[in-house]
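Working notes for the structure below.
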Amino acid sequence: MFMNLGTYNVRTLNSETALSFLFDELHNIKIDIVTVCETRRRKDMSVKWNGGWEVTLGAAKNGVGGVGFIVLPTVTSRIISMEIVSHRLAILKLRIGKSSAMKVVAVYAPTSAASDDEIEEFYEELHRHLRQKSTYTVVLGDFNAKLGSGYSEDTFIGKFGYGARNERGQRLADFAECTKLYVVNTFFQKRPGRRWTWRAPNDRTRNEIDFVLCDKKRIVKDVSVIAESKVCVHSDHRLIRAKIVVDLREESRRLARASQRRKPQQFSEALFTQAVEHVRWSMYVEDIDGAYDSILEKLQKCRSLATVKREGQCRKRLTEATLQMLSERRKLANAGNTGLEYKILCKELRRWMADDYENFRKERLQKAAEDRASLKKA
Numbered sequence: 017m018f019m020n021l022g023t024y025n026v027r028t029l030n031s032e033t034a035l036s037f038l039f040d041e042l043h044n045i046k047i048d049i050v051t052v053c054e055t056r057r058r059k060d061m062s063v064k065w066n067g068g069w070e071v072t073l074g075a076a077k078n079g080v081g082g083v084g085f086i087v088l089p090t091v092t093s094r095i096i097s098m099e100i101v102s103h104r105l106a107i108l109k110l111r112i113g114k115s116s117a118m119k120v121v122a123v124y125a126p127t128s129a130a131s132d133d134e135i136e137e138f139y140e141e142l143h144r145h146l147r148q149k150s151t152y153t154v155v156l157g158d159f160n161a162k163l164g165s166g167y168s169e170d171t172f173i174g175k176f177g178y179g180a181r182n183e184r185g186q187r188l189a190d191f192a193e194c195t196k197l198y199v200v201n202t203f204f205q206k207r208p209g210r211r212w213t214w215r216a217p218n219d220r221t222r223n224e225i226d227f228v229l230c231d232k233k234r235i236v237k238d239v240s241v242i243a244e245s246k247v248c249v250h251s252d253h254r255l256i257r258a259k260i261v262v263d264l265r266e267e268s269r270r271l272a273r274a275s276q277r278r279k280p281q282q283f284s285e286a287l288f289t290q291a292v293e294h295v296r297w298s299m300y301v302e303d304i305d306g307a308y309d310s311i312l313e314k315l316q317k318c319r320s321l322a323t324v325k326r327e328g329q330c331r332k333r334l335t336e337a338t339l340q341m342l343s344e345r346r347k348l349a350n351a352g353n354t355g356l357e358y359k360i361l362c363k364e365l366r367r368w369m370a371d372d373y374e375n376f377r378k379e380r381l382q383k384a385a386e387d388r389a390s391l392k393k394a
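Going by the working numbering, the sequence shown opens with residue 17, and the numbers climb by one from there.
Shown next, in the form of structure tokens:
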């Protein structure tokens, strides 16, 4: 199965004229699905366009954001569902083969002017929706982050990035490591003129801030930036296209082998103690050998109950207490309660987040020192 996935920050897509113009431009390239961001629409939209195109676009929030999908007729039969989660996140599920599915996630991250708590809320929301697993997961969009080339300790970022990494880029790198998503743009060598995805109004500053992330790097055969001579809707971004190739027969064999592998496990002392306390340890002195075998069998059963699947470890910048405070603030905002209580909570939250960030930075520096990695890169 072959498919071209694209992502494009269109800057605005709030009229039928703008949509028609974009469709005309997309006819110039080979593309099957485009995730769009910054639609800046007032209302959500879901229509079947002329020619059989499936269009689902989300509304902006206070004039900011808006994400969605444009699916060409070539793949509309594969659609399982399309959902607009928020003005920064949308999810498309596709049927791939008989028993496999692909989750395509459209994102628009807060800009560099946004506060740290806005950034954390974005990544927390994205992470929450990625926990529901799919055979394949692809995340595309404008992350408003500069990754640059991968560092020696980076597994999920390649060596072909553009420019230097900034703080937002490090946040994206941490997220990629945590979720085990490869930033596949960075694994394909291109000349500098074919790497940048955004340019400043003065045309002097150019950065790569739009990315494609995928949990299975092997299915992505190329990621390229489409020239403005082919697709241009007067945006300051350029469209990115990822070529996806899924060998259904080979993937079926891979998935079968993966399901047979023994899952990583760990021993829980707490569960073992709990299991031991619930076992009847009565012994019959007359039959020492039988009593020994019985005790051994019960201990083995307790050990089995206390052996659980090992969960992936993820370095968190924020403590659970701070995350809980973020959740409380979100509830107040959603309820329209932005009075004194909300303001006090925001002030306290900023202080807690500053402490968490500083502690996280110290831990990272300490780890870099222990691993003899570059302190500058850390």
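Glycine included, every Cβ here is placed at the ideal spot set by N, Cα and C.
Three or more C-beta pairs closer than 8 Å, one from the stretch 168-180 and one from the stretch 138-146: is that the case here? no
Touch test, the stretch 37-54 against the stretch 78-85, Cβ-Cβ under 8 Å, three pairs minimum: yes
Mapping the DSSP letters down to three states, classify F18 as helix, strand or coil. On the sequence shown, residue 18 is found 2 positions in, with the first residue counted as 1. Looking at F18 - three-state DSSP - the assignment turns out to be strand.
Thinking C-alpha only, which one of K206, T354, V101 and E379 is nearest S175? Along the sequence shown, read from residue 1 onward, the residue named residue 175 stands at position 159. Here the sequence assigns Lys to residue 175, which means Ser is not the residue at that position. Of the candidates K206, T354, V101 and E379, the one whose C-alpha sits nearest the C-alpha of K175 is K206.
DSSP on V262, reduced to helix/strand/coil? Here residue 262 corresponds to residue number 246 of the sequence shown, with the count starting at 1. If DSSP states are grouped into helix, strand and coil, V262 belongs with coil.
Quick check: what's the CA-CA separation for L197 versus Q382? Here residue 197 refers to the residue found at position 181 of the sequence shown. Here residue 382 refers to the residue found at position 366 of the sequence shown. Cα to Cα, the separation comes out at about 25 Å.
Extent of the continuous alpha helix (DSSP H) to which R333 belongs: Taking the sequence shown and counting its residues from 1, one reaches residue 333 at position 317. Neither: R333 is in no alpha helix (DSSP H) and is coded neither H nor E.
If contact is defined by three or more beta carbon pairs under 8 Å, each pair taking one atom from either stretch, is the stretch 301-318 in contact with the stretch 334-348? No: the two stretches stay apart, fewer than three of their Cβ pairs being nearer than 8 Å.
Report the rounded CA-to-CA distance for R181 versus F159, giving the unit in angstroms. Residue 181 sits at position 165 when you count from the first residue of the sequence shown. Residue 159 sits at position 143 when you count from the first residue of the sequence shown. Roughly 13 Å between the two C-alpha positions.
Have a look at S298, K59, R377 and V87 and flag the residue whose alpha-carbon is nearest the alpha-carbon of A75. For the purposes of this step, residue 75 is identified with residue 59 of the sequence shown, where counting begins at 1. For A75, the nearest C-alpha among the options comes from K59.
Hey, out of G79, S97 and K46, whose CA is closest to V6's CA? In this structure the chain extends from 17 to 394, so residue 6 is not present and cannot be described.
Could you tell me which of S131, Y124, S102 and W65 sits nearest to A370, measuring between CA atoms? Sequence index remark: in the sequence shown, residue 370 carries index 354 (1-based). Closest by alpha carbon: S131.
Just verifying my parser: in three-state terms, what is the DSSP assignment at A106? Numbered from 1 along the sequence shown, position 90 holds the residue referred to as residue 106. Of the three classes helix, strand and coil, the one that applies to A106 here is strand, per DSSP.
What residues match up with N223 in a beta bridge as DSSP calls it? Residue 223 sits at position 207 when you count from the first residue of the sequence shown. According to DSSP, N223 bridges with W214.
Determine the direct distance from the alpha carbon of E266 to that of I256, and round the result to whole angstroms. Here residue 256 is taken as the residue at index 240 of the sequence shown, counted from 1. Here residue 266 is taken as the residue at index 250 of the sequence shown, counted from 1. Taking the straight line from one Cα to the other gives about 27 Å.
Which two residues bound the contiguous beta strand (DSSP E) that contains E70? Counting from 1 along the sequence shown, the entry for residue 70 is found at position 54. That run of the beta strand (DSSP E) goes W69 to L73.
How far does the alpha helix (DSSP H) with G185 in it extend, from its first residue to its last? Within the sequence shown, residue 185 is the residue found at index 169, counting from 1. Where G185 is concerned, the enclosing alpha helix (DSSP H) stretches over E183 to T195.
Would you report the Cα separation of A34 and S116, rounded to the nearest angstrom? For the purposes of this step, residue 34 is taken as the residue at position 18 of the sequence shown. For the purposes of this step, residue 116 is taken as the residue at position 100 of the sequence shown. Roughly 35 Å between the two C-alpha positions.
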